[in-house]
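Encoded as structure tokens, the structure appears first; notes follow it.
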Amino acid sequence: MNILEEVYEVIKQRIKEKPENSYVAKLTTDDKKPAINKICEKIGEEATELILAAKDNKKDEIIYEAADLIFHTMVLLAYKNIEFEELLKEFERRKK
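Our numbering applies: residue 160 is where the sequence shown begins, and numbers increase by one.
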């Protein structure tokens with residue numbers, strides 16, 4: 160299991176168990192705003208930040224923001240009950 164798969168498993172666990180101080184649990188819980196809206200807004204925010212870092216040619220920020228974007232995308236996948244393996248299969252299909 161690689162680090163992305165490990166993180167994905169933690170995300171799924173946090174969505175299921177909803178620990179009190181978990182960022183993922185807060186992001187994926189309906190409250191004042193539907194969870195899907197919160198998740199999608201974070202993906203949009205992180206994508207914008209990645210674009211700006213890339214345009215400014217700031218390597219460290221590009222890495223940081225890319226990780227944020229991937230993380231929040233993984234939260235969305237887990238929230239929608241899409242297994243990480245399905246994403247890997249799609250990448251496998253695309254390399255052909």
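Where is the CB? At the ideal position from N, CA and C, for every residue including glycine.
Segment contact, 8 angstroms Cβ cut-off, at least three pairs: the region 166-180 with the region 225-241: yes
Nearest to Asn161 (by Cα), restricted to the options Lys255, Glu244 and Lys185: As a working note, residue 161 is residue 2 in the sequence shown. Minimum Cα distance to Asn161 is reached at Glu244.
Start and end residues, alpha helix (DSSP H) containing Lys185: Position 26 of the sequence shown, counted from the first residue, corresponds to residue 185. Here the alpha helix (DSSP H) through Lys185 covers Tyr182 to Leu186.
Unbroken alpha helix (DSSP H) run spanning Lys255, endpoints: Counting from 1 along the sequence shown, the entry for residue 255 is found at position 96. Here Lys255 belongs to no alpha helix (DSSP H), and DSSP marks it neither H nor E.
Ile174 classed as buried or exposed, judged by whether at least 16 other C-beta atoms fall within 10 angstroms: On the sequence shown, residue 174 is found 15 positions in, with the first residue counted as 1. Ile174 is buried by the Cβ-count criterion.
Secondary structure of Lys217, DSSP reduced to three states: Position 58 of the sequence shown holds residue 217. Three-state DSSP puts Lys217 in coil, outside helix and strand.
CB of Leu246 within 8 angstroms of CB of Ile202, strictly: Mapped onto the sequence shown, residue 246 falls at position 87. Mapped onto the sequence shown, residue 202 falls at position 43. Contact flag unset, no.
Presumed contact (8 angstroms Cβ cut-off) between Lys177 and Leu186, rounded CB distance: Numbered from its first residue, the sequence shown carries residue 177 at position 18. Numbered from its first residue, the sequence shown carries residue 186 at position 27. Going by Cβ atoms, the distance from Lys177 to Leu186 rounds to 11 angstroms, so no, they are not a contact pair.
Where Asn196 sits in the DSSP three-state scheme: The residue given as residue 196 occupies position 37 in the sequence shown. Three-state DSSP puts Asn196 in a helix.
Whether Leu209 touches Ile221 by CB criterion (8 angstroms): Stepping through the sequence shown from its first residue, residue 209 is reached at position 50. Stepping through the sequence shown from its first residue, residue 221 is reached at position 62. Yes. Within cutoff.
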